[in-house]
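Below is one structure, written out as structure tokens, with a few remarks after it.
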Amino acid sequence: MLARRMPCRLARPCVPRLTRRFWFQSLDQWPDNLLADFSVMTHNIHCPAHKRLPDGTREASNPNLYIPRNQRILEMLRRKACEIICLQEMWVDNQELVAMYRSALEEAGYQINITPRTNARGDGLMTAVSP
2 MLARRMPCRL ARPCVPRLTR RFWFQSLDQW PDNLLADFSV MTHNIHCPAH
52 KRLPDGTREA SNPNLYIPRN QRILEMLRRK ACEIICLQEM WVDNQELVAM
102 YRSALEEAGY QINITPRTNA RGDGLMTAVS P
């Protein structure tokens with residue numbers, strides 16, 4: 002898990018539409034007016050469909066385990082209040098779990114994007130961005 006504040010220097014032309022991007026090799030080359038300060042958190046929430054239990058079963062077979070665990074993760078996300086949150090191994094095939102995260106994060110003001118993993122693994126990436 003990574004949660005820290007970091008400077009971000011965005012480089013873009015001052016035109017209404019983004020027509021090209023600039024890449025700088027050194028911080029010294031970046032104009033001060035392109036500075037932004039934001040926090041980013043990435044967290045692997047361990048998809049219940051993949052997480053094995055000691056008895057060899059998957060956590061997905063027991064909602065009494067994965068629902069409270071994910072509620073604790075959501076509480077931690079609320080406390081940290083980062084501007085950008087990336088949740089790896091989101092169980093995108095479980096609409097109840099997706100709705101739980103979406104509801105809590107949208108209520109906190111985040112815009113949500115979900116990208117399923119390739120090869121139909123059942124999980125994916127949830128990105129939450131605070132405007």
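Heads up, the numbering used here is the position in the sequence shown plus 1, with the first residue counted as 1.
Where is the CB? At the ideal position from N, CA and C, for every residue including glycine.
Computed from a predicted structure; not experimentally measured.
Shortest alpha-carbon distance to isoleucine 46 belongs to which of Asn63, Arg73 and Pro64? Arg73
Best match in Tyr102, Gly123 and Gly125 for proximity to methionine 77 [C-alpha to C-alpha]: Tyr102
So, at 7 Å on beta carbons, what are the nonlocal neighbours of serine 131 in its own chain, with the 5 sequence-adjacent residues on each side left out? Glu84, Gly110 and Tyr111
For alanine 105, list the residues DSSP reports as bridge partners. Answer is none; alanine 105 lacks a bridge partner.
CA nearest to the CA of isoleucine 68, picked from Met91, Asp56, Lys81 and Cys87: Met91
Relative to the C-alpha of valine 93, which candidate in Gly125, Gly57 and Ala105 has its C-alpha closest? The alpha carbon of valine 93 has as its nearest neighbour, out of Gly125, Gly57 and Ala105, the alpha carbon of Gly125.
Glutamate 108 versus glutamine 89 - alpha carbon distance: When rounded, the distance between both Cα atoms is 21 Å.
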